[in-house]
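Chains A and B, in that order, give the protein sequences. Here the numbering used here runs 461 ahead of the position in the first sequence, where the first position is 1. Here the numbering used here runs 4 ahead of the position in the second sequence, where the first position is 1. Even glycine gets a Cβ: it sits at the ideal position worked out from N, Cα and C.
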Amino acid sequence: GESVGLHLPTLSVQEGDNSIINCAYSNSASDYFIWYKQESGKGPQFIIDIRSNMDKRQGQRVTVLLNKTVKHLSLQIAATQPGDSAVYFCAEKLLGGGNKLTFGTGTQLKVEL
Amino acid sequence: ETGVTQTPRHLVMGMTNKKSLKCEQHLGHNAMYWYKQSAKKPLELMFVYSLEERVENNSVPSRFSPECPNSSHLFLHLHTLQPEDSALYLCASSDPAANEKLFFGSGTQLSVL
Numbered sequence: 462g463e464s465v466g467l468h469l470p471t472l473s474v475q476e477g478d479n480s481i482i483n484c485a486y487s488n489s490a491s492d493y494f495i496w497y498k499q500e501s502g503k504g505p506q507f508i509i510d511i512r513s514n515m516d517k518r519q520g521q522r523v524t525v526l527l528n529k530t531v532k533h534l535s536l537q538i539a540a541t542q543p544g545d546s547a548v549y550f551c552a553e554k555l556l557g558g559g560n561k562l563t564f565g566t567g568t569q570l571k572v573e574l
Numbered sequence: 005e006t007g008v009t010q011t012p013r014h015l016v017m018g019m020t021n022k023k024s025l026k027c028e029q030h031l032g033h034n035a036m037y038w039y040k041q042s043a044k045k046p047l048e049l050m051f052v053y054s055l056e057e058r059v060e061n062n063s064v065p066s067r068f069s070p071e072c073p074n075s076s077h078l079f080l081h082l083h084t085l086q087p088e089d090s091a092l093y094l095c096a097s098s099d100p101a102a103n104e105k106l107f108f109g110s111g112t113q114l115s116v117l
């Protein structure tokens, strides 16, 4: 999994399987979390976000889970497709931190055919 | 596309050159950002402009000089850069109603020789 500020891990999954990308954050005062996808040669693209008053939020084929007890965030991608291959970043915002996001280093997702 | 356009996409410059990066958004956002993305490191926030005023300068060397002439345009002026400044420079903007959510451009890949 990924921790904000550490190494870049790689996750390899078979096409059609579900993917789970993890992110550990350290600041319990963070009140907003967001996931971005970055494909090669492109900028980060918004996937889904969640506020700290929620535990789960679903989008199209994606679900974000937030466990505030252990300060853990995960992104689940259902039926992973080749187009999902990218680097995925989590980011957090501190309560009262204005609009400043702190990003992790990212996880490389590779989808195998 | 996210609605945030950056030019040029690629730039190679010598350490004595002066160049400028340009960012343009037509999303009606009122905040714009410069980020630096280096390999295997988290995105580093450089500058934040809100309503055309600089509200954050994250200890960035003076060889980087931002300019925000209006809410749709943002520049990053570069002079006497160092090889370690080689990176992907990303521009982003945010909506006043949801200012934690950033919309990124595709970036300028900068190489300093």
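- Within the same chain, K517 and S535 come within 6 Å of L526/A by CB-CB distance, once the 5 residues on both sides are set aside.
- Comparing alpha-carbon positions, the option among M36/B, E57/B, A43/B and N61/B lying closest to F107/B turns out to be M36/B.
- Distance from V8/B to Q29/B at the Cβ level is roughly 5 Å; contact confirmed, criterion being Cβ atoms closer than 8 Å.
- For N483/A, the enclosing beta strand (DSSP E) has its first and last residue at S480 to A485.
- Look at S110/B: its C-beta is under 9 Å from a C-beta on chain A.
- Rounded to the nearest angstrom, the Cβ distance from M19/B to Q86/B is 7 Å, consistent with a contact under 8 Å.
- What E104/B touches in chain A, judged by beta-carbon distance under 8 Å, is Y493, I495, D510, K554, N560 and L562, going in chain order.
- The residue from R13/B, L82/B, K40/B and D89/B with its alpha-carbon nearest to that of R67/B is L82/B.
- Flagged as an interface residue toward chain B: G502/A, by a C-beta distance shorter than 9 Å.
- Rounded to the nearest whole angstrom, the C-alpha separation of E88/B and A43/B is 11 Å.
- Residues of the segment 17 to 36 of chain B with a C-beta less than 7 Å from any C-beta of chain A: A35, listed in chain order.
- Excluding the 5 residues flanking it on each side, F79/B has same chain C-beta neighbours closer than 8 Å at S24, L25, K26, C27, P70, E71, C72 and P73, in chain order.
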